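No gaps in the numbering here: position 25 of the sequence shown is 28 in our numbering, and each next residue is one more.
Glycine residues also receive a C-beta, built at the ideal position from the N, C-alpha and C atoms.
Nothing here was measured: the structure is a model prediction, and the numbers come from that model.
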Amino acid sequence: MKKMIFVMGILIVLSLCLVGCGKTKEKESTSQPQYAFYKKDKEKRYQDYQKQNPDLSWKDVLLRVNIGLDQPYYTNTQESKHLYSNYVLVNKYTYLKEDYIPKNLVVIDSAYSKGGISLSEEAQKSFEEMASQAKEDGYTIRAISAYRSYDYQVQLYRRYVEQDGVEEADTYSARPGFSEHQTGLCVDIDDGVFDFNQFESSKSFDWMMENAYLYGFILRYPKGKEAITGYQYEAWHYRYVGKKIAQYIKEHDLVYDEYYMEFLDK
Ligand SMILES: [Zn+2]
4 MKKMIFVMGI LIVLSLCLVG CGKTKEKEST SQPQYAFYKK DKEKRYQDYQ KQNPDLSWKD
64 VLLRVNIGLD QPYYTNTQES KHLYSNYVLV NKYTYLKEDY IPKNLVVIDS AYSKGGISLS
124 EEAQKSFEEM ASQAKEDGYT IRAISAYRSY DYQVQLYRRY VEQDGVEEAD TYSARPGFSE
184 HQTGLCVDID DGVFDFNQFE SSKSFDWMME NAYLYGFILR YPKGKEAITG YQYEAWHYRY
244 VGKKIAQYIK EHDLVYDEYY MEFLDK
């Protein structure tokens with residue numbers, strides 16, 4: 004009997020210890036987790052953004068402030084990094100200079116494009132492979148716009164501003180230097196029948212949603228992510244990032260700006 008009481012005593016002490024230990028662990032996990040992309044000089048901005056967006060996880064707060072989203076578009080802009088690579092990020096906070104021209108532009112085969120439009124070589128090859136596979140499967144993927152020069156964007160943006168005013172134009176058109184089209188890594192497509200802004204309701208769009216990542220392309224401005232990309236949903240605009248990144252982005256339901264801030268912002 005004494006032995007039993009002794010054993011029970013030990014068990015109680017042990018379980019109390021476990022509960023105690025558990026409590027300390029709990030305390031640790033409620034403090035903010037540490038991330039490699041945390042930037043000490045942005046601490047105040049992180050705190051303010053978290054207060055304004057209490058539902059966001061700490062990770063999302065860090066990523067969004069790193070993108071620059073706690074400040075209005077086109078403020079604190081910086082020149083893009085990773086120039087001339089598949090990783091270059093261009094958005095409303097990072098830009099390409101006037102003289103930035105991709106080094107290896109190649110015209111897309113007119114079988115898969117409107118003709119006379121170019122992409123950076125790796126993206127061009129992948130695009131043709133993708134369009135050719137789509138064709139084999141019975142769908143049309145046709146490039147209608149790809150690389151656009153700084154000067155072209157100047158004209159385009161000016162026209163949109165005259166048409167709709169700055170505020171409205173900024174929701175669907177990039178300012179010169181801030182257009183991803185200047186990277187030579189993105190392409191607007193249609194299904195060869197209907198206008199590009201009806202692409203979402205085509206079978207070709209469904210095919211792209213299932214297969215684009217296999218060729219290294221992502222839908223760059225998805226529906227529901229407007230607050231992160233800064234752009235209206237564009238079912239027709241695809242960006243080449245390479246197969247590995249495209250797959251990761253699809254699996255984790257991210258937009259490129261988030262992926263970039265998590266893994267490439269160095
Ligand atoms: Zn586009």
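- For F220, the enclosing beta strand (DSSP E) covers residues F220 to L222.
- Counting C-beta atoms within 10 angstroms of its own C-beta, D194 has 16 or more neighbours from the protein chains shown and is therefore classed as buried.
- Rounded to the nearest angstrom, the Cβ distance from V164 to A172 is 5 Å, consistent with a contact under 8 Å.
- Ligand 1 has a heavy atom closer than 8 Å to the beta-carbon of D191.
- Residue side-chain check: E183 places its Cβ nearer than 8 Å to a non-hydrogen atom of ligand 1.
- Scanning the segment 118-158 from its first residue to its last, the whole alpha helix (DSSP H) runs of 4-plus residues come out as 124-139.
- Ligand 1 never approaches W210 closely enough for any of its heavy atoms to be under 8 Å from the residue's Cβ.
- Closer than 8 Å to some heavy atom of ligand 1: that does not describe the Cβ of W61.
- When DSSP assignments are scanned along the segment 72-114, the uninterrupted stretches of beta strand (DSSP E) that are 3 or more residues long and fall wholly within it turn out to be 108-110.
- DSSP places R242 in the strand class (E or B) of the three-state scheme.
- The beta carbon of K228 sits closer than 6 Å to the beta carbons of V258 from its chain, once the five residues preceding and following it are set aside; these are given in chain order.
- Within the segment 173-224, the runs of beta strand (DSSP E) at least 3 residues long that lie entirely inside it are, in chain order, 189-193 and 220-222.
- Note that the C-beta distance between C189 and A249 is not below 9 Å.
- I147 and P57 have their C-alpha atoms spaced approximately 42 Å apart.
- A distance below 9 Å separates the beta carbons of T97 and Q81.
- For S121, the distance from the CB to the nearest heavy atom of ligand 1 is not below 8 Å.
- The closest heavy atom of ligand 1 lies 8 Å or more from the beta carbon of S116.
- About 6 Å separates the CB atoms of I144 and S207; that is less than 8 Å, so the two are in contact.
- Classified as buried, S121 has 16 or more neighbouring CB atoms from the shown chains inside 10 Å of its CB.
- Taking a contact as a CB-CB distance under 8 Å, the pair Y76 and G180 does not count as one, their CB atoms being some 13 Å apart.
- Per DSSP, Q55 is one residue of the alpha helix (DSSP H) stretching across E46 to Q55.
- Distance from the Cα of E213 is smallest, within the candidate group F199, D140, E183 and R67, for D140.
- S116 is bridged by DSSP to A146.
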